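Data block below; observations after.
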Amino acid sequence: MKAEPSRRLRLPRGEGAGAWLAAGSVALSLLALLALLALLTVRGLGHFWPSPVELVELEGGRQLAGERVREVPHAGGDGLERLYRIGNQDLEGGRWAWVRLSAIEAVSHPADLVVVERRRWGQAIGRLSAFQGASGERIEGEAAWPALEARLAELGTLRDARDRLREEVILPLAGRNDETAARELKAAHARLRELQSAMAGGRLILATADGEGLAVPLEQLLGARRPNAMSPLDKLVAWGEGVWRFLSEGPRAANTAGGVWPAIFGTVLMVMLMSILVTPFGVLAAIYLNEVAHQGRLTRLVRIAVRNLAGVPSIVYGVFGLGVFVYGIGGRLDSWFFEASLPSPTFGTGGLLWASLTLALLTLPVVIVATEEGLARIPDQQREGALALGATRLEMLSRVVLPMAAPAMLTGVILAVARAAGEVAPLMLVGVAKLAPQVPVDGDFPFLHLERKFMHLGYHIFDAAFHGGDVQAAMPLVYATALLLVLVILVLNLTAIFLRHHLSTRHGALTRR
Amino acid sequence: MLDSPPPTAVRRRLRQGRDRLATALITAGGIGVIAALLAIGLFLAVEVVPLFWPSGEASAIHAEALWGGGETAAEDATRHRWAPTATLTSGEAPRISLVPLAWGTLEAAAWALAIAVPLALGAAAHSSLFMSRRLRSRLKPTLELMEALPGVVVGFVAGLVLAPWVERHLAEVVACLVLLVPGLLLAGGLRSRLPARWREALPLGWAGLWLVPWLALVLAASVWLAPWLEALAFDGDLRRFLELRLGLDIAVRNALIVGAAMGFAVMPSIYALAEDALSGVPASLAEGAQALGATRWQTLWRVVLPAASPGIFSAVMIGAGRAVGETMIVLMASGNAALMTLNPLDGLRSLAATIAIELPEAGPGGVHYQLLLLAALALFVFTFLVNTLAELVRTRLRRRYRRLGGGS
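If you read the sequences in order, they're chains A and B.
For the first sequence, full-length UniProt numbering begins at 1 and goes up steadily by one.
For the second sequence, full-length UniProt numbering begins at 1 and goes up steadily by one.
Now the structure itself:
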């Protein structure tokens, strides 16, 4: 490290090792964050891309067909092992297969391999050997695939017609109670049965890689595709459909397959209820602390205490919610109003209302602190000016102070929502369910069922990842759900950050004037 | 209200009455909300009382059984155990020692802090001293986003992705840890050898950003070098080395994984507070030191850091409070075995995770339920005290800055 004297003069001395380690810790944190987000994005979105199906020939002539999942070093020795998802869970040795790389003789991607998504048993992979229509005719060979596709398209339109009939004709009619309605209802039911019978029947027969036959009734079929024969555009369309189905359908197979629509719905509903509860109370408490209360030692202590409550673990709020809301208030409500259904509890068990209340309590400090900061930032001249012009305190608050503090309140509520959306631990105590058969909103009076349990994205991640039977199968969906949850929270937080930035520039201008 | 008629006495009285009513309502509401918040501690305390103060047939439990060793257990190893629901064979008391849970909580928090504190303090020092203003104004919200990542997602990645990977690649992890620091120093050394034009393209103010790809490269290189390191230092098999030579059991989900994940989660909040404390130090102090010829790093070490040390302390305290109460990460990444070992590669079980798992099954009013409430009370009191302490220290610090900085 010999530098010329002139250069040494021109440059400042180096900062030494510490500066680089400090810079490195920034870089390391950013790297970890990036890695986490990249992992979630790639695995979460990649799952919906139709991956190619490989036909693997092993030593000894055995064959298997499946999607490549990952490779790890072989446990007892050298070489790599590769995991294949081979589907066909209802057959012997189905679903997953570990294959040593050294045992693979040849790998090919035949275009005629079909991947079938079924309602009951998950995926099935094989060659389409025959398609049997509703009337029993059997189509074999090359013609089977076009026939299957045509039949699937037909089934799609029939299903749409049935759903429309159900929603637009039968449901409104079922509510009415007179002669003509009964007659029309009968006709509609007859039409429904017609549609049902048109949809019934038909099956396809797959020949799996090792030569077994596998019959799939069309009622069990959710979709069929030939990934190796698809063009990138087809794959993109299939990917879009996959994402849409993930967002719009309910879970299947003990939360290891299907979509997360009920969880999205439950999360959003719970968060909405929570923000309706938390906003007025949080703002009220902040106004009291900042505008009404005498600014003495006690108020300062209370302010510190409220700030500290934001740091109390969420699980403690969950315990409070369980003990006071569920067992205390809920149990009391049950014994007063729902005695008929005791001992099975109505409000005396976790539910939507209690979860929203608990989370409202949990996020109350966030809203109070944010609103108070907004209130404190308003210059006192504004208040004094309003009072000097003869406004009462209420008028001063409602016409001058609150409109100016509105962005701060909004920031607080958004931060509260972001915190509540990601919080899982207290919900485990006060009302989340791994699978809620009934959505908390439906057509029955009183339409919003506050006592029902609900599903939640965060808990869905925990449940599918840790309590599912086949974690391997659930992983892609857990990734996708985690990505969804992170996206929701990132968007909410970015909104809050943007608002706060906007707010500080505005108030900067205000105090300068 | 621009052209309202002049207020008559009735109107004025109405307005004043409305004002008084509103003030009363705000006062009542505000006090009510704050009372409801503060009732949390009260509720936990009241519910826990019967544990120690038996009334009627409810069985009293001595504090000794909770925190000390059970007299019934003969062996030393089983003295502290948490098994409140275990079926009892011969009239022995249920094992309800909270010690292993408290131990697990503190162990997880300690590992989390061991990882988060250096990272957060380094990042805070760098961003308050060296970082360009523009990058700093971007970095703060980014780390806030990191703080907002839900624990369940971090826990899932740690428990189901990181933990199995680490189990298969122990040597690679060790290699990454060993080569991280030399890699960073190498970056600094290489940069000072670069021609001046290149050096200007890689300013220290943006090092937080351009070191990211370099670090990725270093980590990739250490993964590549790992087998060689394993052969050289650990007899070719790190796992066997740890198990045989050091006598460590290795669990897939262990305290180190929990520490890494929770360190990741806690780091942003420590960073935010530490950065506030460091950049709040009056500029005149640092400028004076630099005018006397100190480098920026010397200024930090000798002047800024001592001045800001109470703020740093309160940042670490806040981080400790968060780490102790974090539930989902520990629940998902720790294996939840109530062990009391010093081995960082063994599992643990924390108070918060125990509450989350067992409280829904414990019937209200029973001993098990009250025990879990006691655990919740312990968490509440601990975090509340720690946060209050941090807050007090911070208030005092702000006053000190005002004194030091004179007018600013």
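Backbone N, C-alpha and C define an ideal beta-carbon position, used for all residues, glycine too.
Just so it is clear, the structure is predicted and the values come from calculations on it, not from any experiment.
Residue i vs residue j beta-carbon contact at 8 Å
i, j, result
"alanine 376 of chain B", "leucine 113 of chain B", "no"
"valine 439 of chain A", "phenylalanine 281 of chain A", "no"
"leucine 385 of chain B", "valine 48 of chain B", "no"
"arginine 326 of chain A", "tryptophan 354 of chain A", "As written in the sequence, residue 326 of chain A is valine, which differs from the arginine given in the question. Yes, these two residues count as a Cβ contact at 8 Å."
"alanine 418 of chain A", "leucine 492 of chain A", "yes"
"leucine 236 of chain A", "alanine 198 of chain A", "no"
"arginine 62 of chain A", "arginine 82 of chain A", "no"
"leucine 30 of chain A", "leucine 184 of chain B", "no"
"residue 412 of chain B", "glycine 205 of chain B", "Any property of residue 412 of chain B remains undetermined from this structure, which presents chain B solely from 1 to 408."
"proline 310 of chain B", "valine 393 of chain B", "yes"
"proline 52 of chain A", "histidine 109 of chain A", "yes"
Where residue i sits in the DSSP three-state scheme
i, result
"glycine 365 of chain B", "coil"
"glutamate 82 of chain B", "Sequence inspection shows tryptophan at residue 82 of chain B; the glutamate mentioned does not correspond to that position. Reduced to three states, the DSSP call for tryptophan 82 of chain B is strand."
"serine 398 of chain A", "helix"
"glutamate 117 of chain A", "strand"
"valine 260 of chain A", "coil"
"isoleucine 250 of chain B", "coil"
"leucine 389 of chain B", "helix"
"glutamine 290 of chain B", "helix"
"valine 157 of chain B", "helix"
"alanine 207 of chain A", "strand"
"alanine 293 of chain A", "coil"
"arginine 166 of chain A", "helix"
"valine 69 of chain A", "strand"
"glycine 311 of chain B", "helix"
"alanine 77 of chain B", "Because the pLDDT at alanine 77 of chain B is just 44, under 50, the model does not fix this residue reliably, and the point stays unresolved."
"glycine 213 of chain A", "strand"
"glycine 202 of chain A", "coil"
N-terminal and C-terminal residue of the alpha helix (DSSP H) that residue i is part of
i, result
"serine 137 of chain B", "133 to 148"
"isoleucine 115 of chain B", "99 to 129"
"tryptophan 96 of chain A", "Counting along the chain, tryptophan 96 of chain A falls outside any alpha helix (DSSP H), though it belongs to the beta strand (DSSP E) covering 95 to 100."
"serine 279 of chain B", "255 to 280"
"arginine 349 of chain B", "First-last for arginine 349 of chain B: undefined, no H or E at that position."
"glutamate 372 of chain A", "352 to 377"
"arginine 191 of chain B", "170 to 193"
"valine 432 of chain A", "Counting along the chain, valine 432 of chain A falls outside any alpha helix (DSSP H), and DSSP gives it neither H nor E."
"glycine 240 of chain A", "232 to 248"
"glutamine 382 of chain A", "380 to 388"
"isoleucine 315 of chain A", "314 to 320"
Under 8 Å by beta carbon: chain B residues contacting residue i
i, result
"methionine 428 of chain A", "Ala356, Pro360"
"isoleucine 489 of chain A", "Ala148, Leu149, Pro150"
Residues that residue i contacts on chain A, provided the C-beta gap is smaller than 9 Å
i, result
"threonine 105 of chain B", "None at all; the shortest Cβ gap to chain A is about 10 Å."
Proximal residues of chain B, C-beta to C-beta of residue i below 7 Å
i, result
"arginine 393 of chain A", "Asp19, Thr23"
"isoleucine 414 of chain A", "What isoleucine 414 of chain A touches in chain B: nothing, since even the nearest Cβ is about 11 Å away."
Range covered by the beta strand (DSSP E) that runs through residue i
i, result
"phenylalanine 454 of chain A", "Counting along the chain, phenylalanine 454 of chain A falls outside any beta strand (DSSP E), and DSSP gives it neither H nor E."
"arginine 127 of chain A", "122 to 132"
"valine 303 of chain B", "From DSSP, valine 303 of chain B is part of no beta strand (DSSP E); its letter is neither H nor E."
"tyrosine 84 of chain A", "80 to 87"
"isoleucine 104 of chain A", "104 to 108"
Within chain A, the residues that residue i reaches when beta carbons sit closer than 8 Å
i, result
"leucine 215 of chain B", "Gly24, Ala27, Leu28, Leu31"
"serine 127 of chain B", "Val26"
"valine 157 of chain B", "Leu36, Leu39, Leu40, Ala482"
"methionine 332 of chain B", "Phe462, Ala465, Phe466"
Chain-ordered chain A contacts of residue i [CB-CB under 7 Å]
i, result
"asparagine 387 of chain B", "Asn308, Gly311"
"tryptophan 111 of chain B", "Near tryptophan 111 of chain B there are no residues of chain A at all, since even the closest Cβ is about 16 Å away, more than 7 Å."
"glycine 259 of chain B", "Going along chain A, no residue has its Cβ under 7 Å from glycine 259 of chain B, so there is no contact; the nearest lies around 13 Å."
"threonine 327 of chain B", "Pro313, Ser314, Ile315, Ala425"
Residue i: contacting residues in chain C (beta-carbon distance under 7 Å)
i, result
"valine 302 of chain A", "In the structure shown, chain C does not exist; the protein chains are A and B."
Inset, instruction - For the segment 366 to 384 of chain B, enumerate the residues whose C-beta is nearer than 8 Å to any C-beta of chain A, in chain order. - result: Leu372, Leu373, Ala376, Leu379, Phe380, Thr383, Phe384
Inset, instruction - Mind checking the segment 262 to 281 of chain B against chain A and listing, in chain order, the residues whose C-beta falls within less than 7 Å of any C-beta there? - result: Phe264, Met267
Legend entry - Under 8 Å (Cβ pairs) to chain A, residues found in the segment 16 to 38 of chain B: Along the segment 16 to 38 of chain B, going in chain order, the ones with a CB nearer than 8 Å to a CB of chain A are Gln16, Arg18, Asp19, Ala22, Thr23, Ile26, Thr27, Gly29, Gly30, Ile31, Val33, Ile34, Ala36, Leu37, Leu38.
Inset, instruction - Give the residues from the segment 199 to 222 of chain A that approach chain B closer than 8 Å (Cβ to any Cβ), ordered along the chain. - result: Those residues of the segment 199 to 222 of chain A that come within reach of chain B (Cβ to Cβ, closer than 8 Å) do not exist; the list is empty.
Inset, instruction - Return the residues of the segment 322 to 350 of chain A that lie within a Cβ-Cβ distance of less than 7 Å from chain B, sorted by chain order. - result: Answer in chain order: Leu322, Gly323, Val324, Tyr327.
Inset, instruction - Select from the segment 285 to 318 of chain B all residues with a C-beta closer than 9 Å to any C-beta belonging to chain A, and list them in chain order. - result: Thr295, Arg296, Trp297, Gln298, Leu300, Trp301, Ile318
Legend entry - chain B contacts made by the segment 360 to 386 of chain A, where a contact means CB separation under 9 Å: Leu361, Leu364, Pro365, Ile368
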